[in-house]
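Enquirer: After the structure tokens below, expect a handful of questions from me.
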Amino acid sequence: GWSEKIRIVEELFSKKAGPPFLYNDVLFIVPSSRLRRTYGRLFLDIMERTRRSHALVPPEVQTLHLFLQRLSAKAGGPALIDENGRLVLLEGIVKSCITGKAAFGNAPDILAPSLSAAIADMIEELSASGISPERLAGAAALSDVSDKPQVKLLIEAYSAYERILAARGLADPAGMLSHLADRFDPSWLSSYSTIIIDGLHDASELQVRLLRKIAG
Numbered sequence: 095g096w097s098e099k100i101r102i103v104e105e106l107f108s109k110k111a112g113p114p115f116l117y118n119d120v121l122f123i124v125p126s127s128r129l130r131r132t133y134g135r136l137f138l139d140i141m142e143r144t145r146r147s148h149a150l151v152p153p154e155v156q157t158l159h160l161f162l163q164r165l166s167a168k169a170g171g172p173a174l175i176d177e178n179g180r181l182v183l184l185e186g187i188v189k190s191c192i193t194g195k196a197a198f199g200n201a202p203d204i205l206a207p208s209l210s211a212a213i214a215d216m217i218e219e220l221s222a223s224g225i226s227p228e229r230l231a232g233a234a235a236l237s238d239v240s241d242k243p244q245v246k247l248l249i250e251a252y253s254a255y256e257r258i259l260a261a262r263g264l265a266d267p268a269g270m271l272s273h274l275a276d277r278f279d280p281s282w283l284s285s286y287s288t289i290i291i292d293g294l295h296d297a298s299e300l301q302v303r304l305l306r307k308i309a310g
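To get this note's numbering, take the position in the sequence shown, counting from 1, and add 94.
Spelled out as structure tokens, the structure:
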């Protein structure tokens with residue numbers, strides 16, 4: 095709860111008997127920009143109440159998303175494709191895949207936007223679960239839906255999406271996380287004496303895998 099957050103910050107601040115009040119070796123990883131801003135105000139409030147001063151270098155507070163992007167840069171990983179770029183890319187892929195296919199009618203320009211949104215959601219779930227296009231194709235081949243046009247479209251679009259990202263030196267969030275988890279180096283965190291992971295109640299399998307390495 096909030097009282098526990100206050101207790102943790104007060105305990106951190108109490109470790110320095112006097113100025114300079116430098117706490118930039120402490121990192122808080124939080125789920126949202128809103129909580130990031132809230133912590134910023136909390137640091138000032140506690141310093142004012144306990145030290146009668148605002149003269150401090152506060153702990154670093156990063157959202158999980160931005161923190162992982164920074165780690166990816168350290169790891170020399172691929173650039174992260176932005177969400178708009180991802181949707182535009184998938185719409186173009188889906189349009190190309192359904193053009194000339196009788197199962198999808200003769201108006202790909204009209205159908206592609208709605209289909210691509212659904213495909214984007216499915217690819218995000220598959221990628222976050224570590225299921226590659228090849229694994230998906232193998233599972234589909236053993237099922238009774240392998241001949242369904244929608245299944246074939248998903249496999250074809252997912253494969254094309256992965257190829258294009260690789261050719262452009264890009265990754266989606268799941269690809270970035272997988273790259274980080276496979277190459278994680280504890281030395282990336284050597285500038286921090288303390289890391290506090292707060293409020294992350296809903297994390298993907300890949301995020302949990304990486305957070306465990308950070309916690310370790």
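All C-beta atoms, glycine included, are put in the ideal place defined by N, C-alpha and C.
1. Taking residue 116 as the reference, which of 107, 124, 242 has the closest Cα?
2. In whole angstroms, what is the alpha-carbon distance linking residue 139 and residue 162?
3. Just checking my contact of residue 264 with residue 191 at CB under 8 angstroms: how many whole Å lie between their CB atoms?
4. Just to check my reading of the structure: residue 180 and residue 214 have Cβ atoms closer than 8 angstroms, yes? What is that Cβ distance to the nearest angstrom?
5. For residue 289 and residue 123, which I take to be in contact (beta-carbon distance under 8 angstroms), what is that distance rounded to the nearest angstrom?
6. How big is the Cα-Cα spacing for residue 144 and residue 309?
7. Hey, out of 252, 126, 96, 273, whose CA is closest to residue 212's CA?
8. Distance, Cα to Cα, residue 173 vs residue 218?
9. When the Cα atoms are used, what is the spatial distance from residue 103 to residue 295?
10. For the pair the segment 221-235 and the segment 295-305, tell me if three or more CB-CB distances fall below 8 angstroms.
11. Quick one, are the C-beta atoms of residue 273 and residue 206 less than 8 angstroms apart?
12. What residues are listed by DSSP as bridge partners for residue 78?
13. Would the beta-carbon of residue 119 fall within 8 angstroms of that of residue 281?
14. According to DSSP, simplified to helix, strand and coil, what is residue 62?
15. Check whether chain D comes within 8 angstroms of residue 106, counting only Cβ atoms and requiring the distance to be less than that.
16. How would you call residue 113, buried or exposed, if buried means at least 16 neighbouring beta carbons within 10 angstroms?
17. Give the secondary structure of residue 192 by DSSP, where H, G and I count as helix, E and B as strand, and everything else as coil.
18. Roughly how many angstroms lie between the CA atoms of residue 209 and residue 137, to the nearest whole one?
Expert: Taking the coordinates as given:
1. Of the candidates 107, 124, 242, the residue whose Cα lies closest to the Cα of residue 116 is 107.
2. In a straight line, the C-alpha of residue 139 is about 28 angstroms away from that of residue 162.
3. Between residue 191 and residue 264 the Cβ distance is about 20 angstroms, and since that is not below 8 angstroms, they are no contact.
4. Under the criterion of beta carbons closer than 8 angstroms, residue 180 and residue 214 qualify as touching, at roughly 7 angstroms.
5. At roughly 7 angstroms, the Cβ-Cβ gap stays under 8 angstroms, so residue 289 and residue 123 are in contact.
6. CA-CA distance, residue 144 to residue 309, rounds to 29 angstroms.
7. Comparing Cα positions, the closest option is 252.
8. Just so you know, the alpha carbons of residue 173 and residue 218 end up roughly 17 angstroms apart.
9. So the alpha carbons of these two residues sit roughly 20 angstroms apart.
10. With a cut-off of 8 angstroms on Cβ pairs, the segment 221-235 is in contact with the segment 295-305, counting three or more such pairs.
11. Contact annotation: residue 273 and residue 206 have beta-carbon atoms that are not nearer than 8 angstroms.
12. Nothing about residue 78 can be reported from this structure: the residues present for the chain run from 95 to 310 only.
13. Not closer than 8 angstroms, so no.
14. Residue coverage of the chain in this structure runs from 95 to 310, which leaves residue 62 outside it and unanswerable.
15. Chain labels in this structure do not include chain D; a single protein chain is all it has.
16. Exposed is the call here.
17. In the displayed model, residue 192 falls within a helix according to three-state DSSP.
18. So the two alpha carbons sit approximately 47 angstroms from each other.
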